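Residue numbers (our numbering), protein chains in the order written: chain L, 1 to 282; chain D, 1 to 425. We put the beta carbon where it would ideally sit given N, CA and C, even for glycine. Bear in mind that the values here come from a model prediction, so they are computed numbers and not experimental data. Comments concern the structure below.
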């Protein structure tokens, strides 16, 4: 038997404010990957259409929304950009964001047996959900690529370079907010019921189906939206980066990044300081 | 000798119990409550709204465990055994006290935690391994061994939802058995699987201790505790009652088993909801020969049963009791129609006392079913399923020997053995 008796630690009643134990998170990276892999595998098992689901959902939404909001409702992309592709860029990012937010919020409750029987840094559970959605996002992006060819868009190099930053911003916001909601969900089960409604409303206060320019007449609402909702800046800039719609706005990007960071840190620390009681109250 | 691998000093765990009404808190109620508190019109309230009560699941537990020791933890349900393991595995923090750990800990509080029914056996081995703290490389290295131990090699690509419960449990235990932590915490997992597999698990745990691993086992199976542990700890109501030599502690626990139940618990079991029958059995009391309430009896003791009968009893009623084993087989039964004396059942209502014993039953748990009817074989008036659980203990045919439990049979028949030559027919 190999003797690795160097590990020595104390278990004591937690006191005061806890900071995040990054070293421990790193040691549990395998679990993080395995949980993400599990969610991806399970998602496509026993489905007739399999991977096609990831395509069907955004495409059908795009078709229906284009008809309702663009043809009937007369909402335009704001310039010469064709509405379907304008919408689609917003939709797939929004879909990723809302999906990650939802599954992160429900992760602890869904797998509560694990919470009560095994120790691991709890943050791994909501965090791993961010990976699952990436697969859907990647698949849905194939359609986007096809549409860009069809509409003859060639993204500027800068756009492609900025994309990972936009994605990171989305992940931070979704995971941070998701952690916060997950921690509350453990204690108060009505979060679960309120969330779908909340996300639906949130979509309408994010420029998914309309350009942020449409709000120029309401400067207060517009800046509130850009400041409080990082996805506003992300989606607007994604359109600039990929479709060349307007110019890439570094200020807005900065704001989005800052706010995502704030959400992430607040969510993470709130989570960290409530996680010790999860097993008792879930 | 080096420092102990686990040092537990004065550990306690407090749970706050709220009123039983609300299972889950709702955010809506909390908001309403705080709004009321903020409102200037509300009357000042007591500092603890919602009547919460403190409950100490563990109190003042101190213990040291040395490297390579196999320690058994025993006690009744709710004694705090699982709470102790949860604290040691960091799932829940202690409210007070301090624990020093000097080794890598893996806990096995449930078999198959995190198993996903849709995933195949192979996938679940990797998943469960990671959940229990193995790296992917480690699982890959031991994969064949795990599959062989679980005896599921042929079904590795089948989703575990198609597994029989035996296969499922074997696979789950196999993964856990191949963990190589310095400290292994095990809760009650030996209660699963068939006897052959249980034996395999026990020998695996013995191996673990021989290779210098420290094991803490919680179990209700005294035979297991006595055979694999050198030391045992008896917890009751969150406190440590006795600690020491395993055989000793198990013996004390078993002897006290009956008396500790005699005290508070037990008493009259009233039937809820009341059955919609014209006549029914309304309540039940089980007690020993001296009339003290009890539901735990030693092998060979006599029990008394008093039942309350209500409603309009049929003209020629009979009363019957049936004891079922945990597996659902009839262990024995009896009724007024077997009694030597013709016993008139009270009409219209009243109570009936039955003296049953001495009980020749094997150690184990039995479920009691009560029936009230009109003539045996005719239509039943009332059936009360699972009216009470009886526990039979101390069926140890010869002092210090193996206990005779329900796995060996339902009744114990004394037998003597001697040289076949000396005494002819």
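Legend entry - Own chain partners of residue 465 of chain D with C-beta closer than 7 Å, once the 5 adjacent residues on each side are dropped: In the structure as shown, chain D starts at 1 and stops at 425, and residue 465 of chain D therefore has no counterpart that could be examined.
Inset, instruction - Classify residue 75 of chain L as helix, strand or coil using the three-state DSSP reduction. - result: Numbered from its first residue, the first chain carries residue 75 of chain L at position 75. DSSP places residue 75 of chain L in coil when its eight states are reduced to three.
Inset, instruction - Evaluate contact between the region 107-122 of chain L and the region 243-260 of chain L, counting only Cβ atoms and requiring at least three cross-stretch pairs below 8 Å. - result: no
Inset, instruction - Identify the contact partners of residue 127 of chain D in chain L, using a Cβ-Cβ distance below 7 Å as the criterion. - result: Here residue 127 of chain D corresponds to residue number 127 of the second chain, with the count starting at 1. What residue 127 of chain D touches in chain L: 34, 38.
Inset, instruction - Could you tell me whether the Cβ of residue 184 of chain D comes closer than 8 Å to any Cβ of chain L? - result: Within the second chain, residue 184 of chain D is the residue found at index 184, counting from 1. So, not an interface residue.
Legend entry - Short CB-CB distance (under 8 Å) between residue 153 of chain D and chain L: Within the second chain, numbered from 1, the residue matching residue 153 of chain D stands at position 153. Taking Cβ atoms only, chain L never reaches closer than 8 Å to residue 153 of chain D, which makes this a no.
Inset, instruction - With 8 Å as the threshold, decide whether the Cβ of residue 94 of chain D is near any Cβ in chain L. - result: Within the second chain, the letter at position 94 stands for residue 94 of chain D. At least one chain L Cβ lies under 8 Å of residue 94 of chain D.
Legend entry - heavy atom of the ligand ATP below 7 Å from residue 115 of chain L C-beta: Questions concerning the ligand ATP fall outside what the structure shown contains, since it holds no ligand whatsoever.
Legend entry - Cβ of residue 172 of chain D within 8 Å of any chain L Cβ: As a first step, residue 172 of chain D must be located in the second chain, where it is residue number 172. Chain L, which has no Cβ nearer than 8 Å to the Cβ of residue 172 of chain D, makes this no.
Inset, instruction - Between the Cα of residue 371 of chain D and those of D:138, D:149, D:156, D:275, spot the shortest distance and give me the residue it belongs to. - result: Within the second chain, residue 371 of chain D is the residue found at index 371, counting from 1. The candidate whose alpha carbon is nearest that of residue 371 of chain D is D:275.
Legend entry - Within the region 86-130 of chain L, ranges of the alpha helix (DSSP H) (whole runs, at least 4 residues): 112-117
Legend entry - N- and C-terminal bounds of the beta strand (DSSP E) containing residue 297 of chain D: Stepping through the second chain from its first residue, residue 297 of chain D is reached at position 297. Looking at the DSSP string, the run of the beta strand (DSSP E) that includes residue 297 of chain D is 296-298.
Legend entry - Contacting residues, own chain, Cβ-Cβ under 6 Å from residue 406 of chain D (five flanking each side not counted): Locating residue 406 of chain D in the second chain gives position 406, where the first residue counts as 1. Closer than 6 Å at Cβ, skipping near neighbours: 325, 362, 364.
Inset, instruction - Starting from the Cα of residue 138 of chain L, find the closest Cα among L:194, L:58, L:229 and give me that residue. - result: By 1-based counting over the first chain, the position of residue 138 of chain L is 138. Taking only the C-alpha atoms, the option nearest residue 138 of chain L is L:58.
Legend entry - chain D contact residues for residue 114 of chain L, given Cβ-Cβ distances below 8 Å: Translated into the one-based positions of the first chain, residue 114 of chain L becomes position 114. The answer, in chain order, is 113, 114, 131.
Inset, instruction - Just tell me which of L:236, L:25, L:181, L:264 has its CA closest to the CA of residue 214 of chain L. - result: Within the first chain, the letter at position 214 stands for residue 214 of chain L. The option with the nearest alpha carbon to residue 214 of chain L is L:236.
Legend entry - Neighbourhood of residue 257 of chain L by C-beta, 6 Å cutoff - its chain only, sequence neighbours within 5 removed: Position 257 of the first chain holds residue 257 of chain L. Cβ neighbours of residue 257 of chain L beyond the five flanking positions: 169.
Inset, instruction - Out of D:175, D:166, D:161, point me to the one whose CA is closest to residue 145 of chain D's CA. - result: To locate residue 145 of chain D, count along the second chain from 1; it is residue 145. Residue 145 of chain D has its Cα closest to that of D:175, out of D:175, D:166, D:161.
Legend entry - Where residue 99 of chain D meets chain L, residues with beta-carbon distance less than 8 Å: Along the second chain, read from residue 1 onward, the residue named residue 99 of chain D stands at position 99. Here the neighbours are 10, 11, 12.
Inset, instruction - Determine the burial state of residue 338 of chain D: buried for a count of at least 16 other Cβ atoms within 10 Å of its Cβ, exposed for fewer. - result: Residue 338 of chain D sits at position 338 when you count from the first residue of the second chain. Residue environment analysis places residue 338 of chain D among the exposed positions, since fewer than 16 neighbouring C-beta atoms fall within 10 angstroms of its C-beta.
Inset, instruction - Over the uninterrupted alpha helix (DSSP H) stretch that includes residue 107 of chain D, give me the two end residues. - result: Position 107 of the second chain holds residue 107 of chain D. Here residue 107 of chain D belongs to no alpha helix (DSSP H); instead the beta strand (DSSP E) covers 105-108.
Inset, instruction - Label residue 196 of chain D either buried or exposed according to how many other C-beta atoms from any shown protein chain fall within 10 Å of its C-beta, with 16 as the threshold for buried. - result: Residue 196 of chain D sits at position 196 when you count from the first residue of the second chain. Exposed.
Legend entry - Alpha carbon of residue 161 of chain L to alpha carbon of residue 167 of chain L, nearest angstrom: Within the first chain, numbered from 1, the residue matching residue 161 of chain L stands at position 161. Within the first chain, numbered from 1, the residue matching residue 167 of chain L stands at position 167. Distance between the alpha carbons of residue 161 of chain L and residue 167 of chain L: 11 Å.
Inset, instruction - Within the same chain, show all residues whose beta-carbon is closer than 6 Å to that of residue 301 of chain L, passing over the 5 residues directly before and after it, in chain order. - result: Residue coverage of chain L in this structure runs from 1 to 282, which leaves residue 301 of chain L outside it and unanswerable.
Legend entry - Cutoff 8 Å: residue 41 of chain L Cβ touching any chain D Cβ: Walking along the first chain from the start, residue 41 of chain L turns up at place 41. True, the Cβ-Cβ gap to chain D drops below 8 Å.
Inset, instruction - Spatial neighbours of residue 127 of chain L within its chain, please: CB distance less than 7 Å, with the 5 preceding and 5 following residues excluded, ordered by chain position. - result: In the first chain, the residue the question calls residue 127 of chain L occupies position 127. Result list for residue 127 of chain L: 32, 175, in chain order.
Inset, instruction - For residue 385 of chain D, I'd like the list of residues in its chain whose CB is within less than 6 Å of its CB, leaving aside the five on either flank, ordered along the chain. - result: Residue numbering aside, residue 385 of chain D sits at position 385 when the second chain is read from its first letter. Once the five neighbours on either side are set aside, the close Cβ partners of residue 385 of chain D are 369.
Inset, instruction - Using a Cβ-Cβ cut-off of 8 Å, state whether residue 241 of chain L counts as contacting chain D. - result: In the first chain, the residue the question calls residue 241 of chain L occupies position 241. Not one beta carbon of chain D lies nearer than 8 Å to the beta carbon of residue 241 of chain L.
Legend entry - residue 104 of chain L burial status per 10 Å Cβ neighbour count (16 or more: buried): As a working mapping, residue 104 of chain L is identified with position 104 in the first chain. Per the 10 Å Cβ criterion, buried.
Legend entry - Spatially closest choice to residue 100 of chain L from L:117, L:129, L:84, by CA coordinates: Here residue 100 of chain L refers to the residue found at position 100 of the first chain. Residue 100 of chain L has its Cα closest to that of L:129, out of L:117, L:129, L:84.
Legend entry - Cutoff 6 Å; reference residue 226 of chain D; Cβ partners in own chain excluding five residues on either side: Position 226 of the second chain, counted from the first residue, corresponds to residue 226 of chain D. Within the same chain, residue 226 of chain D has close Cβ partners 246, 247, 250.
Inset, instruction - Decide yes or no for the touch test of the region 104-121 of chain D against the region 153-163 of chain D: beta carbon pairs closer than 8 Å, at least 3 of them. - result: yes
Legend entry - Cutoff 8 Å: residue 136 of chain L Cβ touching any chain D Cβ: Here the question's residue 136 of chain L lines up with position 136 in the first chain. For residue 136 of chain L, the answer is no, since every Cβ of chain D falls outside 8 Å of its Cβ.
Inset, instruction - Please go through the same chain and pick out, in chain order, the residues whose beta-carbon is closer than 8 Å to the beta-carbon of residue 389 of chain D, but skip the five residues on each side of it. - result: By 1-based counting over the second chain, the position of residue 389 of chain D is 389. Excluding sequence neighbours, residue 389 of chain D sits near 295, 365, 366, 367, 368.
Legend entry - Min CB distance residue 18 of chain L to chain A below 8 Å: The question asks about chain A, but that chain is absent: this structure's protein chains are L and D.
Legend entry - Classification of residue 153 of chain D by the beta-carbon crowding that lies within 10 angstroms, buried from 16 upward: Locating residue 153 of chain D in the second chain gives position 153, counting from the first residue. With fewer than 16 Cβ atoms within 10 Å of its Cβ, residue 153 of chain D is classed as exposed.
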